[in-house]
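Student:
Residue numbers (full-length UniProt numbering): 1 to 307.
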């Protein structure tokens, strides 16, 4: 029993000594075969303590060796009922089942198993390589999935942004078109109201005459080829312009605002156009001997002559 014990010399002697503190022993590495016939090397550590010195002394010889051998056989038994992949996943369950098996058997030896821990599980080298390749492929798979998810989200974000931009642009174009239409309607309404009285009609005629003179001046300045009606010549065209200019002068003379400056501008435009038409008339009389429309290829012009 623990504590002080009296010993009679020569008659009594100490046969066994046991330490009742918690102790640890290494369970040697051993080969074990899994359920799917893969050979492993596995070892562990066992934590125990003596609870009954009499049982530990007289029920078993060399209790530590017996406990270590029992731990080895228990490990082999538990590894044999699971597959290789599960040995790494169920290490905690393996520890618990081995500890329960040891506790049940060591109770009669006066030993209590506190806990058991598997230290290392070593599969064969070729299995280790295949497991590493499998783990690498799994990591690459997860990486590819994450990358594809990121690309898909990026494409969705870009498409959503383009969609929003297109919607905003369409709404802006619609508002712009609506405002332009309203402006055109307002302008037409203003013109319609203006032409209903004499002053408005005079303003309209003045504006049209200005546009006519500006267009003729631009044609004579920029165009190298001038298309005229079949019966037209430069003298009759000059007459038409003179008539338009006289109308322009009459309109300006009937209005007080800006009459002098507008009349000077009209005279300048008229003189410039007249000089160009006179030069065109001279060139036409000296160079044209037959009409241009002398070939059937000009029939599509509908009786128009190209000067």
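Note that the Cβ used here is the ideal one computed from N, Cα and C, for glycine as well.
A quick note: this is a predicted structure, and the numbers were derived from the prediction, not measured.
Measuring CB to CB, does residue 36 end up less than 7 Å from residue 84?
Tutor: Yes.
Student: Should residue 40 and residue 98 be called a contact, given that it needs their Cβ atoms to be closer than 7 Å?
Tutor: Not a contact, by the Cβ cut-off of 7 Å.
Student: Could you check the C-alpha separation between residue 21 and residue 130 for me, to the nearest Å?
Tutor: Roughly 45 Å separates the two Cα atoms.
Student: Please list the terminal residues of the continuous beta strand (DSSP E) segment that includes residue 40.
Tutor: Run containing residue 40: 39-50, per the beta strand (DSSP E) assignment.
Student: What's the C-alpha gap between residue 115 and residue 10?
Tutor: The straight-line gap from Cα to Cα measures roughly 41 Å.
Student: Mind checking residue 160: buried by the 16 CB within 10 Å criterion, or exposed?
Tutor: Residue 160 is exposed by the Cβ-count criterion.
Student: In the DSSP assignment, find the alpha helix (DSSP H) that holds residue 25 and state where it starts and stops.
Tutor: Per DSSP, residue 25 belongs to no alpha helix (DSSP H); it is in the beta strand (DSSP E), 23-33.
Student: Tell me whether residue 83 sits in a helix, a strand or coil according to DSSP, three-state version.
Tutor: In the structure shown, residue 83 sits in coil (DSSP, three-state: anything other than H, G, I, E or B).
Student: Does residue 187 come out as helix, strand or coil in the three-state DSSP assignment?
Tutor: Three-state result, residue 187: helix.
Student: Starting from residue 55, trace the alpha helix (DSSP H) both ways and give me its first and last residue.
Tutor: Unbroken alpha helix (DSSP H) run through residue 55: 53-58.
Student: Let me check understanding here. Comparing Cα to Cα, which of 164, 146, 110 lies closest to residue 62?
Tutor: Checking every option, the nearest Cα to that of residue 62 belongs to 110.
Student: Alpha carbon to alpha carbon, how far is residue 33 from residue 79? Give it in angstroms, no decimals.
Tutor: Between residue 79 and residue 33, the C-alpha separation is close to 7 Å.
Student: Hey, is the stretch 49-63 in contact with the stretch 13-28, meaning 3+ C-beta pairs nearer than 8 Å?
Tutor: In short, these stretches touch, since the Cβ pair count reaches three.
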